[in-house]
Amino acid sequence: MSVRVRFAPSPTGYLHVGGLRTALYNYLFAKHHGGKCILRIEDTDRTRFVEGAVENLIRSLRWAGIEFDESPEVGGEYGPYTQSERFDMYRQYGMELLHKGHAYYAFDTPEELDAMRERQQKAGIAPRYDRTTMRNQYTLGEAETARLMADNAPHVIRLKVPLAGEIKFSDLVRGEIVVPARDVDDQILLKSDGFPTYHLANVVDDHFMQITHVIRGEEWLPSTPKHALMYDAFGWERPAFAHLPLLLNPDKSKLSKRQGDVAVEDYRDKGYFKEALVNFVPLLGWNPTSDREIFSMAEMIETFRLEKVNKAGAVFDIQKLDWMNNEYLRLKPSAELADALIDEACEKGLTDNKAYLEQVITLVRERVHKVNELLPFATYMFQQPTEFDEEYKAKFWTDEAKQHIPKIIEKFRHAESFDHTTLNGIVKEYAKESGVKMGVFANVLRLMTTGKQVGAGVFETLETLGKEHVLARCEYFLGRFA
RNA sequence: GGCCCCUUCGACUAACGGUUAGGUCACAACCCUUUCAAGGUUGCUGUACGGGUUCGAAUCCCGUAGGGGUCACCA
Numbered sequence: 126m127s128v129r130v131r132f133a134p135s136p137t138g139y140l141h142v143g144g145l146r147t148a149l150y151n152y153l154f155a156k157h158h159g160g161k162c163i164l165r166i167e168d169t170d171r172t173r174f175v176e177g178a179v180e181n182l183i184r185s186l187r188w189a190g191i192e193f194d195e196s197p198e199v200g201g202e203y204g205p206y207t208q209s210e211r212f213d214m215y216r217q218y219g220m221e222l223l224h225k226g227h228a229y230y231a232f233d234t235p236e237e238l239d240a241m242r243e244r245q246q247k248a249g250i251a252p253r254y255d256r257t258t259m260r261n262q263y264t265l266g267e268a269e270t271a272r273l274m275a276d277n278a279p280h281v282i283r284l285k286v287p288l289a290g291e292i293k294f295s296d297l298v299r300g301e302i303v304v305p306a307r308d309v310d311d312q313i314l315l316k317s318d319g320f321p322t323y324h325l326a327n328v329v330d331d332h333f334m335q336i337t338h339v340i341r342g343e344e345w346l347p348s349t350p351k352h353a354l355m356y357d358a359f360g361w362e363r364p365a366f367a368h369l370p371l372l373l374n375p376d377k378s379k380l381s382k383r384q385g386d387v388a389v390e391d392y393r394d395k396g397y398f399k400e401a402l403v404n405f406v407p408l409l410g411w412n413p414t415s416d417r418e419i420f421s422m423a424e425m426i427e428t429f430r431l432e433k434v435n436k437a438g439a440v441f442d443i444q445k446l447d448w449m450n451n452e453y454l455r456l457k458p459s460a461e462l463a464d465a466l467i468d469e470a471c472e473k474g475l476t477d478n479k480a481y482l483e484q485v486i487t488l489v490r491e492r493v494h495k496v497n498e499l500l501p502f503a504t505y506m507f508q509q510p511t512e513f514d515e516e517y518k519a520k521f522w523t524d525e526a527k528q529h530i531p532k533i534i535e536k537f538r539h540a541e542s543f544d545h546t547t548l549n550g551i552v553k554e555y556a557k558e559s560g561v562k563m564g565v566f567a568n569v570l571r572l573m574t575t576g577k578q579v580g581a582g583v584f585e586t587l588e589t590l591g592k593e594h595v596l597a598r599c600e601y602f603l604g605r606f607a
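So the first sequence is numbered by the working numbering: it starts at 126 and just counts up by one.
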């Protein structure tokens, strides 16, 4: 039987990086085995409907390079792929469970349930639906149940979990897991509005979509016994389960908005490359080998093994992502980056000359991590500096420099070529003749032309700036500080 | 609190029961140099703890501690 996996997000607005990783693991696993990767939208909670969320989700996934074999967008033979369009099924199978005696009617109001939990809390026992004392078809009896149903009394359908025994299932990441049945709650399957809960919809869909492997986050581990029970109750074969470790904040709690960016689009907008994000995220919890960090999607598909996924959660280390993004930044053609940034450069009044922008990018690309740091970092390449790093100036703008610099500038003025090799030669020669350290001149030239202590190589900077601008900037500086 | 899961440098991880416990990021130092950066070299710090099993344990077993997840008519 060929592999079929699914990524099943609920459309709450955006794609979380943890969701991206889950989607990626599903995708890598499917592609590795020549199977199918399916997108299913889990929108059974109408109170959480967010306009445009599905489109946004698909856009982010597509940006990351994930295309689904079956989805609400492209369809497929097991559709529809949006749960809100499958409601009839859930009701039908919820009723089937009821008729088989694996589920039952319950009539408790939310207030009654709250009161029950409060009592249990006070008694120091775990809050769980108590089917021996609450209002359900067992305590009420057949006649009363029938009467309430005939009256259209609000009701839910709950899963009838055995009171004793163990529920076992195996997990591809964690091995065998055993839970005492008495610790499993009688989960609501169909809500009073007739809509299914995640648990019912999920099991029904995974079965009928012929999902072979359920690969999802660890937060689902505690409810998996319920799902296992449902497969058994239906008489369906259980899929293989694989629960992924969580992505963590630096303080080891579940990765959250509170402590930084979690939306994939945030990373995209900040100038991270999809190649970097898609390379970095799967490596949080899985590693094909220990002697390499940079992998393409194709290479990850080739080497991915679910069995090699770690059990422990992984801290999302932005510093390493930054490093990795720079690795990709170095590989990107400057022309491509210039294309991406020319509009912004125009808007900011920096330059409308794409060829020059490209040169500047080539010059500074190694110094930043992200695409959108390029322009702010290189502002001095477009605008004559009027502010000069005081510390830097104090250190290098010495009497000695004041004495020699005008002469060097004169030599620049008469240089037959303005490439960095020539410039470097001129300064080197002058340094030798005057007996002053080369570094003094190089730093002063940087100070005068950029105002900053940090930047690309001085002579390369001068070459890119061009003779005219270099001389103008030096004159401006001299005019103020000579 | 109940239940479940987890535990190798600060972070991500590697290591057929036999390695001086390896790599990457970060950090530090040094070299190079033109300040910073880059590059090069080196260093730093780790098998949570306690017991077993074994000739031999990061690795297998038990316990303890710590961390996390989850306990909704949310997913």
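Ideal Cβ positions, reconstructed from N, Cα and C, are used throughout, including at glycine.
Item, Value
"Limits of the beta strand (DSSP E) - the one that Phe366 falls within", "365-369"
"Contact check, Ile166 vs Thr207, beta carbons under 8 Å", "yes"
"Collapsed DSSP secondary structure at Asn435 in the structure displayed", "coil"
"Simplified DSSP assignment, three categories, for Asn181", "helix"
"6 Å CB neighbourhood of Asp544 in its chain, flanking five on each side removed", "Glu588"
"Of the residues Asn450, Gly582, Leu186, the one placed nearest Ala401, counting alpha carbons only", "Asn450"
"Arg131 - DSSP class collapsed to helix/strand/coil", "strand"
"Integer-rounded CB distance, given that Leu325 should sit under 8 Å from Leu613", "Residue 613 is absent from the structure shown; the chain starts at 126 and stops at 607."
"Residue of Tyr230, Glu291, Gln246 minimising C-alpha distance to Thr264", "Tyr230"
"Coarse secondary structure for Ser209, derived from DSSP in three states", "helix"
"Assigned secondary structure, Leu475 (DSSP; H/G/I helix, E/B strand, else coil)", "coil"
"Test item: CB-CB of Ile191 and Tyr152 under 8 Å", "yes"
"In DSSP terms, what Arg341 is bridged to", "His368"
"Straight-line gap, Cys471 to Thr586 (C-alpha atoms, nearest Å)", "21 Å"
"Rounded straight-line distance, which links the Cα of Lys379 to that of Arg187", "25 Å"
"Buried or exposed by the 16-neighbour rule on C-beta atoms within 10 Å, applied to Ile292", "buried"
"Beta-carbon gap between Leu446 and Tyr397 smaller than 8 Å", "yes"
"Residue environment, Asp311, which counts as buried when at least 16 other CB atoms sit within 10 Å", "buried"
"Residues bridged to Gly396 [DSSP beta-bridge criterion]", "Per DSSP, none; premise fails for Gly396."
"Residues that Ile313 bridges to, as DSSP identifies them", "Arg283"
"Nearest-angstrom beta carbon gap, Thr574 and Leu590 [assumed within contact, 8 Å]", "6 Å"
"Exposed unless 16 or more other CB atoms sit within 10 angstroms - verdict on Glu301", "exposed"
"Own chain partners of Gln335 with C-beta closer than 6 Å, once the 5 adjacent residues on each side are dropped", "Arg129"
"Residues that DSSP places opposite Val303 in a beta bridge", "Lys293"
"C-beta contact flag for Val496 and Leu456 at 8 Å", "no"
"Nearest-angstrom Cβ-Cβ length linking Tyr481 and Phe333, presumed shorter than 8 Å", "That belief does not hold up - the Cβ atoms of Tyr481 and Phe333 are roughly 59 Å apart, past 8 Å."
"Cβ-Cβ separation, Lys156 to Ile426 (assumed contact under 8 Å), whole Å", "4 Å"
"The segment 359-377 in contact with the segment 246-262 per 3-pair CB rule at 8 Å", "no"
"Arg173 beta carbon less than 8 Å from that of Ser209", "no"
"Sequence-distant residues of its chain with Cβ nearer than 7 Å to Ala423 (five each side left out)", "none"
"The segment 271-284 touching the segment 337-346, judged by at least three CB pairs closer than 8 Å", "no"
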